[in-house]
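Before any comments, here is the structure.
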Amino acid sequence: GSWLLAQVRFGALQEAVVLLVHTEAGVQVAEGGVWSGPTHPHRPEPLIRRYLQSRVPSAPEPLLACWDMPAS
């Protein structure tokens, strides 16, 4: 579809999970669709999925459901 989910890593910043959407202007970050920060003591995947779904309710649930943190 028109949605993407990216996990990004930076040299000097914390990792982030970002919801992206295709628009007529190109690919853009969905408003409210950025998570960054620690999740301890919680498992990251469910916490981040719930956060992003609450911030961007129009994001497809199957996209969020299939996302998993890669092993470091």
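The sequence shown maps to residues 8 to 79 in the numbering used here. C-beta: ideal position from N, C-alpha, C; glycine also.
query, result
"Leucine 27 to proline 45, Cα distance in whole Å?", "21 Å"
"Which residue or residues does DSSP assign as beta-bridge partners of threonine 30?", "Gly33"
"What residue range is occupied by the uninterrupted beta strand (DSSP E) comprising alanine 72?", "Taken as a continuous stretch (DSSP letters only), alanine 72 belongs to no beta strand (DSSP E), being part of the alpha helix (DSSP H) at 68–73."
"Quick one: what does DSSP say glutamine 14 is sitting in, helix, strand or coil?", "strand"
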